[in-house]
Amino acid sequence: MWRCALPPLLRYPTVDELGTRAAALAARHPGDARLRRVGTSRAGTPLWLLSVGHGSRQALVVAGPHANEPVGGATALRLAERALADPTLTAGADATWNLLLCIDPDGLRRNEGWLHGPYTLGRYFRNFFRPGFLEQPEWLPDGAAGAVLPETRALLDLQDELRPFFQCSLHGVDVGGGFVELTRDLPGLPARVAHTAARLGIPRELGAYDTLYWPTLGPAVYRIPPPRRGDLAAAITEAAVESTWFHPHRHGTVTAVVEAPMWGVSAVEDGSPPTDPAAALRTVSHTLRHDTRLLERLLARIRPHVSAAPDVARLLAPVEDYLLVCPGLADAWDPDIPDGSRPLPPLSTAHLAALRIAGRRLALRTAGLLHQLVTRAGTDPAGALPELDRLVDEWCADYRDGCGARWIPVARQVEYQSRVVLAAFDLAGRNAPACSRSGEPGWGSGAAVPMHRE
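Residue numbering for the sequence shown follows my numbering, beginning at 18 and increasing consecutively.
Now the structure itself:
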């Protein structure tokens with residue numbers, strides 16, 4: 018067996034490291050791997066596609082759709098190594114692997130304050146960045162025809178060019194467990210996810226809060242419902258809007274969204290009935306309301322003093338998104354405010370753990386973004402920074418001590434996500450329609466694009 022592996026990734030790669038490592042792989046295997054630029058970000062960063070194999074059936078893997086979820090880039094490199102080392106994944110499957118290394122490189126750069134560790138919850142949330150909903154490249158709030166982000170347009174064009182039989186979107190869960198979302202059922206996948214998770218010690222999220230109202234295809238595997246347009250709250254909390262996950266369905270594509278956790282919580286895989294679900298829901302909803310009011314008051318104190326801070330609009334957009342949806346979520350989860358149009362489904366202990374984590378996540382992300390606003394402004398006349406530090410420390414301690422959140426090493430996150438992708442690829446390929454080769458002249462035969470020529 019010939020070897021193609023680069024030195025193992027023990028930490029998350031930056032945008033530049035992703036490009037450098039992909040170029041090195043392509044240069045070492047010019048007959049089997051190609052690197053090409055398929056677009057440019059708003060800040061002028063290349064969007065790199067690493068392709069392995071020469072099969073007629075295209076698989077598309079999209080890494081980095083959420084800026085704070087860097088595991089996907091490392092997983093994409095790992096999949097490229099696996100495909101180069103194992104011909105059953107390429108020639109044996111008549112497949113070409115197309116790996117988009119990072120669809121939001123500008124957002125990933127804004128997370129570089131924590132990417133290389135040390136990996137602590139406090140460091141992560143104080144350096145957390147995820148753009149507002151309208152700047153996230155996978156979402157199509159105005160449909161494909163109305164997409165304006167260059168990153169989104171590049172992905173849509175790539176989907177229509179490749180017509181993949183299988184698409185995988187690589188996501189990460191900051192605190193919780195692993196799970197998979199599918200646009201079409203892949204029978205047998207839940208068992209494979211369970212096996213992989215057990216082997217690697219990854220908790221499965223059996224009641225993921227994004228999928229609270231979605232059909233379950235098996236433990237920790239969910240069916241993504243048909244999208245609906247124009248629902249911002251659903252977009253932020255459930256991803257139930259038009260997206261690039263559904264766009265290639267006209268080509269017979271099945272999409273798998275593979276979530277891998279950074280900090281694992283064992284309670285998210287406890288499927289037992291809770292002893293007092295109403296009391297747990299009251300605690301979660303009342304806590305979220307309290308935290309939201311606190312953060313709204315802090316924002317009101319901070320806002321007049323940060324107008325000149327670098328990137329103030331980019332940082333305020335997600336803050337306002339989170340504060341917009343929090344009150345509605347608190348009401349939806351409160352058993353004393355019944356919603357006749359959308360009652361909660363039967364809840365397990367895993368569901369309640371996921372809801373507790375989700376409410377805390379929204380508050381922590383908001384606090385972390387407010388912290389960055391103040392520190393980047395270079396002044397704190399409102400005296401908000403000590404209070405924000407206290408809140409971040411207190412809420413991270415709740416994750417660590419109250420929820421039992423434990424760090425999962427990067428290499429193990431990558432191995433878990435890679436194995437789940439390979440399982441979904443195998444199952445999707447068994448009943449996939451024949452798909453066309455890329456329409457680009459000479460595609461698949463050229464050498465790697467030298468990075469210094471870009």
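Note that CB positions come from ideal geometry on N, CA and C, so glycine has one too.
Since this is a predicted model, take the numbers as computed values, not measurements.
Segment contact: the segment 157–176 against the segment 399–406, fewer than three CB-CB distances shorter than 8 Å; contact not assigned. In the three-state reduction of the DSSP assignment, Tyr339 falls in the helix class. Short of 6 Å from the beta carbon of Gly288, and not among the five residues preceding or following it, lie these beta carbons of its own chain, in chain order: Leu223, Ser365, Ala367. The beta-carbon separation of Val197 and Val238, rounded to 5 Å, stays under the 8 Å limit for a contact.
In the three-state scheme derived from DSSP, where H, G and I count as helix and E and B as strand, Pro403 is classed as helix. In the three-state DSSP reduction, Ser283 falls in the helix class (H, G or I). With respect to Val69, Leu117 sits apart: the two C-beta atoms are not nearer than 8 Å. Nearest C-alpha to Pro232 among Arg74, Pro363, Ala375: Pro363. Here Asp353 is exposed, its C-beta having fewer than 16 other C-beta atoms within 10 Å.
Nearest Cα to Trp114 within the set Trp131, Thr137, Leu175: Leu175. If one requires a minimum length of 4 residues, the alpha helix (DSSP H) runs lying completely within the segment 106–151 are 122–126, 129–132, 138–143, in chain order. By the criterion of a C-beta distance shorter than 7 Å, Thr31 is surrounded in its chain by Glu129, Leu132, once the five residues flanking it on both sides are discounted. Assigned with DSSP and collapsed to three states, Asp348 falls in helix. Of all alpha-carbon atoms in Leu387, Gly395, Gln430, Trp424, the one lying nearest the alpha-carbon of Val409 is that of Leu387.
Between Phe182 and Arg74, the CB-CB gap stays under 8 Å.
Collapsing the DSSP output to three states places Asp159 in coil. A straight line joining the alpha-carbon of Ser58 with that of Arg170 spans about 10 Å.
It is roughly 32 Å from the alpha-carbon of Pro207 to the alpha-carbon of Glu168. Excluding sequence positions up to five before and after Ala371, its CB lies within less than 7 Å of the CB of Gly193, Glu222, Gly224, Ala225, Tyr226, Val285, all in the same chain and listed in chain order. The beta carbon of His268 sits closer than 6 Å to those of Arg180, all from its chain and outside the five residues before and after it, given in chain order. Nearest neighbour of Leu311 by Cα position, chosen from Ala380, Ala375, Pro321, turns out to be Ala380.
The alpha-carbon separation between Asp123 and Asp293 amounts to approximately 44 Å. In the structure shown, His71 adopts coil according to DSSP, grouped into three states. Its Cα nearest to that of Ala40, the residue Leu94 stands out among Leu26, Leu94, His71.
Just so you know, the alpha carbons of Pro25 and Gly89 end up roughly 15 Å apart.
Each residue's CA atom was taken as its position, placing Gly395 and Arg407 some 19 Å apart.
Judged by DSSP secondary structure, Ala317 falls within the alpha helix (DSSP H) whose first and last residues are 294–319.
In this structure, the alpha-carbon of Arg436 lies about 35 Å from that of Ala334. Ranking Val301, Ser186, Cys119, Ala214 by CA distance to the CA of Glu34 puts Cys119 first.
Take the alpha-carbon of Trp156 and the one of Thr261: they are about 6 Å apart. For Arg393 against Pro327, the beta-carbon gap comes to about 5 Å, under 8 Å, which counts as contact. Collapsing the DSSP output to three states places Gly90 in a helix.
Across the structure, Gly218 and Leu77 are spaced so that their CA atoms are roughly 27 Å apart.
Asp111 and Ser358 have their C-alpha atoms spaced approximately 48 Å apart. Assignment of Trp231 by DSSP, reduced to helix, strand and coil, places it in the coil class.
Proximity to Pro291 across Arg331, Leu369, Gly189, Leu64 peaks at Leu369, based on C-alpha coordinates.
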